[in-house]
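Asks:
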Amino acid sequence: MSQQDAIRRRKRIKYFLIHAVLLATAALFVYPLLRIFSVSLRPGDKLFSTDLSLIPAGATFIAYASLLRDTMFLRWLWNSLLITLATSFIGVSLASTAAYAFSRFRFPGKKAGLILLLSSQMIPAGMLILPLFLMIMKLKLMNTYLGMIIAYSVSSLPFSIWILKGYYDTIPRSLEEAALVDGTSQVGAFWRIILPLSTPALSIAFLFNFTTAWNEYLVARVVLFSAKQYTWTLGLFELQGQYITQWGMFAAGSMLVTIPVLCVFLYSSKWLISGLTLGSVKG
Amino acid sequence: MASVQFKGIVKKFKDNLVLNGVDVDIKDHEFVVIVGPSGCGKTTLLRMLAGLEDITDGEILIDGLRVNELHPSKRQIAMVFQDYALYPHMTVEENMSFALRLRKTDKGEINSRVDEAATILQLKKFLKRMPRQLSGGQRQRVAIGRAIVRKPKVFLFDEPLSNLDAKLREEMRVEIAKLYQRLNATIIYVTHDQVEAMTLAGRIVIMNHGIIQQVGSPIEVYRKPGNLFVAGFIGSPTMNFMTGKLSLQGETLLFTGGDLKFTIPSFVLHDAKKHDGREVTVGVRPDDVLVGRTSDKCSDKVEGVLEVCELLGHRENLYIKVGETRLLATVEAFFDRSPGSAVSLCFNYANMHVFDKATEKRISE
């Protein structure tokens, strides 16, 4: 009996410690967000107050209202959303097919190609600004959505290919072979069998593409130059002047831009549950 | 249903020759089992027939039609894979109807075919379940059901029972035999398990190192193995082999190998003079090593020492050492001797096999 009690006590302590660590980590991540939220609610005359309360005295949504009314924030948000969604869909489509080829077919340069893709990820983003700028300029796509979409899609492609290739490698080939015998083409087997089974990896690739494109600043700074075409990252910096920065609006904008990312994360979380291939082969 | 012909099939993976000129004719409605050890090329041969593997040389004909370049789906074959290969994102019903839906078969027809197959395989209760919710045996049934609904010309089974436990394997073996009687289909079945081959096959194709060793009915390959490999591969427990030399003593042939010495009568080896001085391997199945008894068609007595007894229930395995040669004899239980005691044994001439030592080919009748 006493031994069982000891085991139960040890379990309880372990349970408590795990939750303590989880709560502390969650607090660490949520706290800055709460501070921004607090700043966004402050009235204009209390922006530099050292008050730490979450809902400040005289809390107001005036910063949100003026951000939406007096600036082109909604337009910037729309630009960002358009570019990000297009980038994510194009990026995932290209990566899923390229990764399939890398996973399933033998061709000259396969290994070199994979290493090249990986090494391209090791180049700092800043170094790619100039080549990207030259490329987009030569394509006459400066200050356009298409220019941004191309720049973003290609830069996140290597990561997506690696993620998807790794996942495809775990799907037994016999599933495709069974589909071939059942009457699909190779493309059909990919479309009907491999893609539906790869939703966890596809969601990760989609999320990566989405968050990277959504938060990107450097490339946007170089490619876009008219305020109408700005993404929200550029737009928010418009609020920062030489003599005055509108911190209230800045914080309000920061809060609003987290909503789409949050929605995408919540929606795709159900697809992230892997283990879908369990039970397909062997017992 | 259909006939299948393999003509001079060669398969190379880079420099590795996997199949070297395979010729087999499989008749309509025949149940052929291709058996051989791992890496002998049997699965590759099956995959080539299914269209999942390129053919380096030779041709495959289904119903007289060359299918070398035909897409797998156009060959009118259905395959049951070793690992079942059920689509994990589809229910049992969707798995079974997948091929028919691809062909845009009429819905009513699909339902009746799935229903029929599910009834045969006792899967009706599981139609709405996902593969991960099924046991190994049930998954195997679904894989077979998926093949049945297509009504193919040829069924291909690639080691379908190798992932099941012993009891389930036995049950499924009986199920497959019953299924064959019911479907009366052309079935090509690949396995490394000679028990499956013996029990299921109408004809067995035995392969080793990419070459066909023998083709024949189970009883033919058991009673008259064409070479040393087949003799050792077919039959459980495996055959005893004794190597030695033949010499002519008057009119009869005498086999001498270490401490073993016995005559070989003319009904086992004709034309005694021809074999004088020949190096041979003599094969005798454990059932034909008679311990402590004689028969009129039995060799001269040989004295040995009993090493180990293994009681199997109704039978008993006796490991006996004769000089340097170790022999296995299977006798009725219970053999009333303790290990270490001397036993006398003889070999049943009726089932004695003699192979040339150099060519390993059968030379006895």
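Just so you know, the sequences run in chain order A and B. In terms of the working numbering, the numbers along the first sequence are unbroken and rise by one, the last being 283. In terms of the working numbering, the numbers along the second sequence are unbroken and rise by one, the last being 365. Glycine residues also receive a C-beta, built at the ideal position from the N, C-alpha and C atoms. Nothing here was measured: the structure is a model prediction, and the numbers come from that model.
1) Just to confirm my understanding: we take residue 80 of chain A, look at its own chain, exclude 5 residues before and 5 after, and list those with CB closer than 7 Å. What are they?
2) Name the two residues that bound the continuous beta strand (DSSP E) containing residue 227 of chain A.
3) Can you tell me which of the three DSSP states residue 296 of chain B falls into?
4) Nearest to residue 53 of chain A by alpha carbon, out of A:128, A:37 and A:136?
5) Threshold first: 3 residues or longer. Then list the beta strand (DSSP E) segments lying entirely within the region 216–259 of chain B, N to C.
6) Kindly say whether residue 70 of chain A, judged by its beta-carbon, lies nearer than 8 Å to any beta-carbon of chain B.
7) DSSP has residue 11 of chain B in a bridge; who is on the other side?
8) In chain order, which continuous runs of the alpha helix (DSSP H) of length 4 or greater are located wholly inside the region 62–115 of chain A?
9) Got a sec? Which residues, its chain only, sit under 7 Å from residue 113 of chain B by beta carbon, not counting five neighbours each side?
10) Do the region 135–147 of chain B and the region 162–172 of chain B meet, that is, are 3 or more Cβ pairs less than 8 Å apart?
11) Pull out every residue of the region 48–73 of chain B whose Cβ sits closer than 8 Å to any Cβ of chain A, in chain order.
12) Alpha carbons only, please: which of A:77, A:194, A:49 and A:97 is nearest the one belonging to residue 90 of chain B?
13) Does the region 57–71 of chain A come close enough to the region 121–132 of chain A to have 3 or more Cβ pairs within less than 8 Å?
14) Could you check whether residue 50 of chain B and residue 79 of chain B sit closer than 8 Å to each other, using their CB atoms as the reference points?
15) If we ignore side chains and look at the alpha-carbon of each, how far apart do residue 260 of chain A and residue 209 of chain A end up?
16) Counting Cβ pairs, one atom from each stretch, are 3 or more of them under 8 Å apart for the region 355–362 of chain B and the region 268–282 of chain B?
17) Looking at the C-beta of residue 170 of chain A, does it have a partner C-beta in chain B at a distance below 8 Å?
18) Taking the alpha-carbon positions, what's the residue 95 of chain A to residue 149 of chain A distance?
19) So with CB distances below 9 Å, who are the chain B contacts of residue 180 of chain A?
20) Closer than 7 Å by C-beta to residue 184 of chain A: which residues in its own chain qualify, once you throw out the five before and the five after it? Chain order, please.
21) Alpha carbons only, please: which of A:243, A:120, A:262 and A:33 is nearest the one belonging to residue 159 of chain A?
22) With a threshold of 8 Å on Cβ separation, who are the neighbours of residue 87 of chain B within its own chain once the five nearest residues in sequence on each side are excluded?
23) Please look up how many angstroms separate the CB atoms of residue 199 of chain B and residue 35 of chain B, rounded, as I've assumed it's under 8 Å.
24) Could you check whether residue 63 of chain A and residue 189 of chain A sit closer than 8 Å to each other, using their CB atoms as the reference points?
25) Starting from residue 202 of chain A, find everything on chain B with Cβ-Cβ shorter than 7 Å and list it in chain order.
26) Cα separation between residue 281 of chain A and residue 72 of chain B?
27) Let me see if you follow: with CB-CB separation under 8 Å, is residue 164 of chain A close to chain B or not?
28) Considering just the uninterrupted stretch of the beta strand (DSSP E) at residue 346 of chain B, what are its terminal residues?
29) Could you tell me which of B:157, B:144, B:286 and B:304 sits nearest to residue 196 of chain B, measuring between CA atoms?
30) Exposed or buried, residue 2 of chain A, counting other C-beta atoms within 10 Å across all chains shown (16 or more means buried)?
31) Can you give me the start and stop residues for the alpha helix (DSSP H) that residue 111 of chain B sits inside?
32) Please report the straight-line C-alpha distance between residue 48 of chain B and residue 138 of chain A, rounded to a whole angstrom.
33) Does residue 263 of chain A come out as helix, strand or coil in the three-state DSSP assignment?
34) Excluding five sequence neighbours on each side, which residues of the same chain lie with their C-beta closer than 7 Å to the C-beta of residue 103 of chain A?
35) Going by alpha carbons, who is nearest to residue 97 of chain A out of A:118, A:197 and A:161?
36) In chain order, which continuous runs of the beta strand (DSSP E) of length 3 or greater are located wholly inside the region 152–205 of chain B?
Replies: Short version:
1) Here residue 80 of chain A is taken as the residue at index 80 of the first sequence, counted from 1. Only 214, 231 and 232 meet the Cβ criterion.
2) As a position in the first sequence, residue 227 of chain A is number 227, starting the count at 1. Looking at the DSSP string, residue 227 of chain A is not in any beta strand (DSSP E), and its letter there is neither H nor E.
3) The count along the second sequence starts at 1 and reaches residue 296 of chain B at position 296. Residue 296 of chain B falls in the coil class under three-state DSSP.
4) Working through the first sequence from its first residue, we reach residue 53 of chain A at position 53. If we check each option's Cα against that of residue 53 of chain A, A:37 comes out closest.
5) 240–249 and 252–257
6) By 1-based counting over the first sequence, the position of residue 70 of chain A is 70. False, the Cβ-Cβ gap to chain B never drops below 8 Å.
7) Translated into the one-based positions of the second sequence, residue 11 of chain B becomes position 11. Partner(s): B:19.
8) 62–70 and 73–104
9) The residue given as residue 113 of chain B occupies position 113 in the second sequence. Result list for residue 113 of chain B: 100 and 149, in chain order.
10) yes
11) 50, 51, 52, 71, 72 and 73
12) One-based indexing of the second sequence puts residue 90 of chain B at position 90. The residue with the shortest Cα to Cα distance from residue 90 of chain B is A:194.
13) no
14) What you label residue 79 of chain B is simply residue 79 of the second sequence in a count that begins at 1. What you label residue 50 of chain B is simply residue 50 of the second sequence in a count that begins at 1. Yes, the pair counts as a contact, with Cβ atoms nearer than the cut-off.
15) Counting from 1 along the first sequence, the entry for residue 260 of chain A is found at position 260. Counting from 1 along the first sequence, the entry for residue 209 of chain A is found at position 209. Roughly 14 Å separates the two Cα atoms.
16) yes
17) Position 170 of the first sequence holds residue 170 of chain A. By this cut-off, residue 170 of chain A is not an interface position.
18) The residue given as residue 95 of chain A occupies position 95 in the first sequence. The residue given as residue 149 of chain A occupies position 149 in the first sequence. Near 15 Å, if we compare the C-alpha coordinates of residue 149 of chain A and residue 95 of chain A.
19) Position 180 of the first sequence holds residue 180 of chain A. Chain B residues near residue 180 of chain A: 50, 51, 52, 71, 72 and 73.
20) Here residue 184 of chain A refers to the residue found at position 184 when the first sequence is read from its first residue. Once the five neighbours on either side are set aside, the close Cβ partners of residue 184 of chain A are 192.
21) Along the first sequence, read from residue 1 onward, the residue named residue 159 of chain A stands at position 159. Ranking A:243, A:120, A:262 and A:33 by Cα distance to residue 159 of chain A puts A:120 first.
22) Position 87 of the second sequence, counting from 1, holds the residue named residue 87 of chain B. Closer than 8 Å at the Cβ level, and outside the excluded window around residue 87 of chain B, lie 94, 95, 98 and 131.
23) Taking the first residue of the second sequence as position 1, residue 199 of chain B is located at position 199. Taking the first residue of the second sequence as position 1, residue 35 of chain B is located at position 35. Actually they are not in contact, since the Cβ atoms of residue 199 of chain B and residue 35 of chain B sit about 11 Å apart, beyond 8 Å.
24) Sequence index remark: in the first sequence, residue 189 of chain A carries index 189 (1-based). Sequence index remark: in the first sequence, residue 63 of chain A carries index 63 (1-based). No. Outside cutoff.
25) Residue mapping note: residue 202 of chain A aligns to position 202 of the first sequence, counting from 1. What residue 202 of chain A touches in chain B: nothing, since even the nearest Cβ is about 13 Å away.
26) Stepping through the first sequence from its first residue, residue 281 of chain A is reached at position 281. Stepping through the second sequence from its first residue, residue 72 of chain B is reached at position 72. In this prediction, residue 281 of chain A scores a pLDDT of 49, lower than 50, which makes its location untrustworthy; no coordinate-derived value is stated.
27) Position 164 of the first sequence, counting from 1, holds the residue named residue 164 of chain A. Closer than 8 Å: no.
28) Mapped onto the second sequence, residue 346 of chain B falls at position 346. From DSSP, the beta strand (DSSP E) with residue 346 of chain B extends over 342–347.
29) By 1-based counting over the second sequence, the position of residue 196 of chain B is 196. If we check each option's Cα against that of residue 196 of chain B, B:157 comes out closest.
30) Residue mapping note: residue 2 of chain A aligns to position 2 of the first sequence, counting from 1. Classification of residue 2 of chain A: exposed, given that the 10 Å Cβ count is below 16.
31) Residue mapping note: residue 111 of chain B aligns to position 111 of the second sequence, counting from 1. It spans 107–120 - the alpha helix (DSSP H) in which residue 111 of chain B sits, taken as one unbroken run.
32) In the second sequence, counting from the first residue as 1, residue 48 of chain B sits at position 48. In the first sequence, counting from the first residue as 1, residue 138 of chain A sits at position 138. Cα-Cα distance, rounded: 51 Å.
33) Looking up residue 263 of chain A in the first sequence gives position 263. Helix, per DSSP.
34) Working through the first sequence from its first residue, we reach residue 103 of chain A at position 103. Around residue 103 of chain A: 165, 168 and 169.
35) The residue you call residue 97 of chain A lines up with position 97 of the first sequence. Measuring from the Cα of residue 97 of chain A, the nearest candidate turns out to be A:161.
36) 154–158 and 186–191
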